[in-house]
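First the structure, in the form of structure tokens, and then the observations on it.
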Amino acid sequence: MISAKQINNLISQEKFDVDAAMKKVSELETLVAQAKEADKGGMNFSFINSAGQYQLEAKKYVRRIRDKVPYSEVMTPTY
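Written out as structure tokens, the structure is:
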């Protein structure tokens with residue numbers, strides 16, 4: 001999805017416009033909802049589900065940056 005690529009390009013910058021990122025995430029959320037509606041019972045469930053999961057994770061990330069919430073030990077992987 002083009003919207004996901006645009007979100008990746010935006011949030012991968014050192015500093016980014018949180019409002020613009022949230023707008024892109026909202027656009028993706030709308031596209032995912034439309035795709036789910038159009039594909040009821042279809043064969044694209046896996047793709048649409050993955051896009052929905054990406055949208056949710058992107059929204060969480062942007063909110064974390066917006067709210068200046070640091071990574072906690074729970075969020076960081078242990079190796």
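Residue numbers (the UniProt record's numbering): 1 to 79. Virtual Cβ for every residue (Gly too), placed ideally from N, Cα, C.
- Burial is judged here by how many other beta carbons sit within 10 angstroms of a residue's own beta carbon; S3 has at least 16 and is buried.
- By the C-beta criterion, the segment 54 to 70 is judged not to be in contact with the segment 38 to 45, since fewer than 3 inter-stretch pairs fall below 8 Å.
- One thing to note: A51 has its Cβ within 7 Å of the Cβ of V32.
- Going by DSSP, G52 is part of the alpha helix (DSSP H) stretching over F45 to R66.
- No residue range can be given for E14, since it is assigned to no alpha helix (DSSP H) and is classified by DSSP as neither H nor E.
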